[in-house]
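Residue 7 in UniProt numbering sits at position 7 of the sequence shown, and the numbers go up by one each step.
Note that beta-carbon positions come from the ideal geometry of N, C-alpha and C, so glycine has one too.
Below is one structure, written out as structure tokens, with a few remarks after it.
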Amino acid sequence: NYMFCFFLSPGREIKFDGLSLSTCHSIINLMDVDNTGKMEFQEFKVFWDKMKKWIMLFLSFDTDRSGKMSSYELRTALKAAGMNLNNQLLQLIGLRFADDNYDIDFDDYLTCIVRLENMFSTLKKLTYSLETAVKINIYD
1 NYMFCFFLSP GREIKFDGLS LSTCHSIINL MDVDNTGKME FQEFKVFWDK
51 MKKWIMLFLS FDTDRSGKMS SYELRTALKA AGMNLNNQLL QLIGLRFADD
101 NYDIDFDDYL TCIVRLENMF STLKKLTYSL ETAVKINIYD
């Protein structure tokens with residue numbers, strides 16, 4: 001968390017108070033491929049490449065540099081990240097991560113995108129071949 005705060009500290013591109021513990025756990029769950037409960041250096045390198053992409057996406061949709069994006073802008077950012085989600089799921093994501101003004105701050109944006117990335121990664125692991133399909137609904 002300290003390293004993120006250094007790179008994303010006041011005076012930098014994103015207004016940022018730090019990562020929540022939930023976001024840190026989500027990041028480790030996504031990147032810990034050897035299941036040690038820690039992020040090793042190689043895992044961190046892969047994560048940091050992803051993080052730079054996610055920061056650039058956030059900045060491209062936080063045009064007023066308020067440190068927040070609207071729930072509508074989150075939809076567009078997720079699509080730009082290659083996450084094509086149906087409207088019902090996008091509405092649920094907006095309800096989960098937006099505040100009372102329907103804005104999403106950087107921590108919630110990062111939590112959302114990391115959890116979705118983790119979900120897509122898990123689904124890819126479940127699909128063993130082109131002949132195998134995983135069929136789930138929104139409630140799964």
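Where PHE106 falls, given that 16 or more other Cβ within 10 Å makes a residue buried
buried
Range covered by the alpha helix (DSSP H) that runs through SER60:
41 to 61
Look up MET31 in the DSSP assignment and say whether it is helix, strand or coil.
helix
According to the Cβ coordinates, are SER70 and TYR102 closer than 7 Å?
yes
By DSSP, does SER70 sit in helix, in strand, or in coil?
strand
What separation, rounded to the nearest whole angstrom, lies between the Cα atoms of LEU123 and LEU116?
10 Å
Following the continuous beta strand (DSSP E) through ASP103, name the residue where it begins and the one where it ends.
103 to 105
Have a look at ASP108 and SER26 and give me their C-alpha separation to the nearest angstrom.
11 Å
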